[in-house]
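If you're matching them up, the sequences are chains A and B in order. Counting the first sequence from 1 gives a position; the numbering used here is that position plus 54. Counting the second sequence from 1 gives a position; the numbering used here is that position plus 78. Heads up, the beta-carbon is just placed ideally off N, CA and C, and yes, glycines get one too. These numbers were taken from a predicted model, which means no experiment stands behind them.
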Amino acid sequence: MSAEASLPSAAGIEEAVSPREARLERAALILRRGAVANGILSGVVLLLAILGGIGLVPGLFGSLRPLLWAQAGGGDDAAVAAVILLTQVNLSLLLVMMVGIQARETWALAGVWLLAAANGAALALLGFTPALLTLVFALWAGLTISRDVRAFRMNPVMLKELRGRMRGMRAFVVLTVYLGLMSGFTVLLYLTVAATSRTLGSAAGEVGRLLFSGVVGIELMLIVFIAPAFTAGAITGERERLTYDLLKTTLLPSPSFVIGKLESALGYVLLLLLAAIPLQSIAFLFGGVTETELLLSFVILTVTAIALGAVGIFFSAIMERTLSASIRSYMVTLAATFGVPLVLSVVLGILSSAIRTKPAVLEAAFVYLNDLLTSMNPIATAINTQQLLINRQVIGFWTDTLVSTGATIPRVSPWITFTIIYLVAATVLVVLSVQRMRKSEG
Amino acid sequence: MSFIIETRDLRKKYGKFDAVNGLSLEVPAGSIYGFVGPNGAGKTTTMRMLTTLTRPSSGEAWVAGHSVQAEPRAVRRAIGYMPDEFGVYDDMRVWEYLDFFAACYDIPEINRKKLIDDLLELVDLTHRRDDMVDKLSRGMKQRLSLARTLAHDPAVLILDEPASGLDPRARVEIRELLVELAKMGKTIFFSSHILADVSEICTHIGIIEGGKMVAQGSMQEMRAQLMPHREIMVTVRDDDSAQKVAGLVSGIAGVIHAVVIEPKAGRSRVRIDFTGDDDGVAAVNTVISTGGVAILGFTEETKDLEAMFMRVTKGIVT
């Protein structure tokens with residue numbers, strides 16, 4: 055086993071058979087370092103924020119702020135909270151680009167430069183100091199592979215899968231049936247709502263919102279069931295069809311394989327989502343729903359599909375059979391998105407009501423923990439995001455007032471934390487699947 | 079001589095069971111190497127180690143100068159592998175199948191169309207280009223798979239039982255294809271338990287049993303090593319002639335002995351065990367024909383692999 059550790063394949067970095075491959079691997083490594091650096095920065099700031107929040111270090115936010123983000127609007131604590139989240143956004147994007155470059159995805163090539171540009175702009179225009187970190191690493195990686203544009207290409211696995219999936223009648227029949235069911239459901243929902251609210255004119259916005267939420271809710275349920283099913287057979291299916299060995303003896307990098315499978319599954323899910331957008335848009339006829347909601351719902355749905363697809367891939371990589379991979383995927387999906395958050399929020403609720411008079415710090419801690427749990431579940435995230443949007447017109451950051459002392463704390467709309475958590479989880483699962491694939495058997 | 083595949087004391091343990099037990103293999107570049115052994119001898123395990131699919135427990139192996147353990151991707155670039163049992167994607171067309179694998183080997187899209195056409199022509203499947211893969215017969219799938227192994231122009235082909243499960247005609251076609259590929263300069267390392275396949279086209283063979291190499295070398299070496307003498311079979315009309323032939327040749331240098339063996343199809347036969355070169359064989363023929371015996375047949379029995387095989391293997395199937 056000790057000899058294995060020194061092998062290039064076990065070290066997480068693919069053995070390069072050409073200078074070009076060596077450069078790509080180096081760029082991936084640079085991005086990984088960038089992600090780690092952002093993680094450390096984010097962790098340190100979070101630790102300081104906790105210390106400052108508890109009151110151990112008075113005036114900490116005030117002294118941190120000019121260092122991190124002098125030009126930020128709002129309070130000192132909001133600026134620090136924004137720094138923590140934005141560094142984590144950078145971390146997750148760097149990780150995604152790392153995997154993308156290993157898989158030679160064209161979007162990763164563009165993504166690295168976009169990431170550098172966005173961070174450059176954040177640094178120059180907004181004075182967001184931590185952007186420097188990502189700017190340097192993204193530029194470094196981008197320059198490392200500047201000569202290797204030709205290495206990036208259409209993913210062969212994705213192409214193969216989509217050719218197979220879209221061939222013949224099946225794909226279109228499925229799409230038609232899906233749209234038929236969704237339309238039927240929308241009509242049913244409308245009739246129910248129309249029957250219960252007699253004065254339709256005054257409550258038209260309410261109807262529109264309900265129709266919209268209903269369609270998005272159904273789509274969310276659908277994704278929870280479809281996304282893992284599409285990917286759980288990704289690797290086990292190749293094993294069962296005896297095509298896995300053929301693939302493993304080619305030069306196809308393992309990340310390409312995993313990403314290709316994920317892309318083809320997501321491509322189809324995305325098609326279903328896009329096809330249903332006209333249905334969601336019926337809500338516009340009634341009013342009460344804005345484009346922002348449509349956009350945010352689309353982000354939440356897509357991120358859910360990516361993460362659950364990655365769960366399916368991961369179990370496909372570690373299990374032998376598609377059936378057992380599917381079962382594990384569903385179990386873990388349900389536990390992570392519903393079970394654990396539900397149990398924890400119940401526990402939290404009991405604790406919260408048990409402690410009658412909470413000091414401000416404890417109350418803030420409960421608020422943040424609750425936000426975190428909300429962000430673990432796509433449905434709770436969607437509902438809370440919509441509530442915030444409707445009640446407070448908040449898309450991103452907002453300031454909340456504590457009941458106990460009337461002090462204010464910065465809070466963030468759950469879709470942001472949700473996106474970060476789910477994207478990081480998806481990337482980690484993809485990386486783990488890749489490592490599992492690289493390990494030779496026996 | 080340079081060896082394109084070389085293993086040294088290669089071992090693979092599954093628990094307490096030694097699938098491959100100290101195998102040392104040498105395959106010269108450009109050869110057609112038949113890897114023969116009874117079922118369960120360790121052929122497939124060896125091939126899986128050479129193709130980087132299975133990690134050896136100990137020992138070393140090199141393919142095209144690259145260690146299978148330290149440089150697996152370099153090895154993969156040098157080999158084309160066809161497993162014993164393999165699946166084909168059923169929802170693909172023939173050209174798409176090759177296109178996919180060519181893409182997996184990083185062949186740029188602009189070169190792929192010509193490559194696919196060339197490969198299909200080589201394996202004689204041009205007319206099935208747009209058919210679905212699962213509509214092909216088993217022999218055609220085998221040929222398609224062979225085309226796939228050639229997509230990246232590898233130096234070595236590692237083929238596990240390429241002819242198994244094929245009808246006689248398809249088997250001959252595969253065999254001809256292998257000879258053609260060898261002419262193109264590729265080293266072909268293939269396993270088989272059908273000895274006739276091996277003896278007809280191989281330049282080298284290795285016999286494996288119980289995870290160990292029992293004999294290997296070029297066909298000539300193997301013949302010389304395992305069959306120290308040649309056998310000449312003379313067919314004559316009746317028993318008297320046979321006795322006469324035996325008498326005539328027994329004096330010739332190099333003839334170990336000549337015995338009259340039981341008649342076949344009403345014709346008497348004499349078996350002459352002979353050590354000597356081709357001139358010697360010709361001399362024996364001359365002696366008999368000048369001796370006034372009417373000969374119906376004079377053939378050298380090529381000691382086939384079957385005999386060699388039976389002689390070397392002890393029939394221990396582990």
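Tell me, which residues are paired with residue i by DSSP?
i	result
A:Ile404	Its beta-bridge partners do not exist; DSSP assigns none.
B:Gln298	Bridge partners of B:Gln298: none, in fact.
B:Tyr111	B:Phe267 and B:His282
B:Ile236	B:Tyr159 and B:Phe267
B:Gly375	B:Thr313
B:Ser145	B:Trp140
B:Leu101	B:Leu88
Compute the Euclidean distance between the alpha carbons of residue i and residue j, then round it to the nearest angstrom.
i	j	result
A:Ser56	A:Ile155	Here A:Ser56 scores only 35 on pLDDT, less than 50, and its place in the model should not be relied on; the value that follows carries that caveat. Using only the alpha carbons, I get a separation of about 29 Å.
A:Leu324	B:Gly165	30 Å
B:Val362	B:Asp316	20 Å
A:Ala319	A:Gly363	7 Å
A:Pro62	B:Ala148	With a pLDDT of only 40 at A:Pro62, under the threshold of 50, the placement of this residue in the model should not be trusted; the figure read from the coordinates follows. The alpha-carbon atoms of A:Pro62 and B:Ala148 are separated by roughly 7 Å.
B:Asn189	A:Gly314	22 Å
A:Ala91	A:Ser146	12 Å
A:Ala461	A:Phe115	15 Å
B:Trp173	B:Leu244	23 Å
B:Asp238	B:Ile83	15 Å
B:Asp351	B:Val276	25 Å
A:Leu197	A:Asp454	43 Å
A:Gly93	B:Asp202	57 Å
B:Gly120	A:Leu306	28 Å
A:Leu377	A:Pro112	56 Å
A:Val98	A:Met212	40 Å
B:Ala225	A:Leu163	33 Å
A:Leu483	B:Trp140	34 Å
A:Leu333	A:Ser351	13 Å
A:Ile367	A:Gly165	23 Å
A:Gly238	A:Asp425	35 Å
B:Ile373	B:Glu199	48 Å
A:Ala132	A:Pro464	5 Å
Rounded to the nearest angstrom, how far is the Cβ of residue i from that of residue j, given a contact under 8 Å?
i	j	result
A:Arg87	A:Phe191	7 Å
B:Thr265	B:Val234	5 Å
A:Ala46	A:Ala361	Within the shown structure, residues of chain A are numbered from 55 to 496, placing residue 46 of chain A beyond reach of any answer.
B:Ser319	B:Val359	Going by Cβ atoms, the distance from B:Ser319 to B:Val359 rounds to 20 Å, so no, they are not a contact pair.
B:Met127	B:Lys90	6 Å
B:Arg347	B:Met311	6 Å
B:Gly108	B:Gly263	6 Å
A:Ala248	A:Ser380	About 40 Å separates the two Cβ atoms, so there is no contact after all.
B:Val105	B:Phe267	5 Å
B:Arg221	B:Leu255	7 Å
A:Glu273	A:Asn209	Rounded, the Cβ-Cβ distance is 26 Å, inconsistent with contact.
Buried or exposed for residue i, going by 16 or more other Cβ atoms inside 10 Å?
i	result
B:Arg216	exposed
A:Pro468	buried
A:Val150	buried
A:Ser96	buried
A:Ile331	exposed
B:Ala241	buried
A:Thr285	buried
A:Leu140	buried
B:Asp168	exposed
B:Lys342	exposed
A:Ile277	buried
A:Asn445	exposed
B:Gly325	exposed
A:Ser60	Here the model assigns A:Ser60 a pLDDT of 34, short of 50, so the residue's position is not dependable and the matter cannot be decided.
A:Ala408	exposed
B:Gln294	buried
B:Ile286	buried
B:Gly284	buried
### Message
Can you confirm whether the region 401-419 of chain A touches the region 296-304 of chain A when touching is taken to mean that 3 or more C-beta pairs between the two stretches lie within less than 8 Å?
### Response
They do not touch, by the three-pair rule.
### Query
At a cut of 8 Å, does the region 178-197 of chain B reach the region 213-231 of chain B through at least three beta carbon pairs?
Yes, they touch.
### Three CB pairs or more closer than 8 Å across the region 277-297 of chain A and the region 368-384 of chain A
Yes, they touch.
### Query
Can we say the region 337-345 of chain A touches the region 93-108 of chain B, given the rule of at least three CB pairs closer than 8 Å?
Because the criterion of three Cβ pairs below 8 Å is not met, the region 337-345 of chain A and the region 93-108 of chain B do not touch.
### At least 3 beta-carbon pairs within less than 8 Å: the region 435-448 of chain A vs the region 382-395 of chain A
Taking one beta carbon from each stretch, the region 435-448 of chain A and the region 382-395 of chain A have fewer than 3 pairs nearer than 8 Å; the two do not touch.
### Query
Okay, do the region 255-274 of chain A and the region 206-225 of chain A touch, 3+ Cβ pairs below 8 Å being the bar?
No contact exists between the region 255-274 of chain A and the region 206-225 of chain A.
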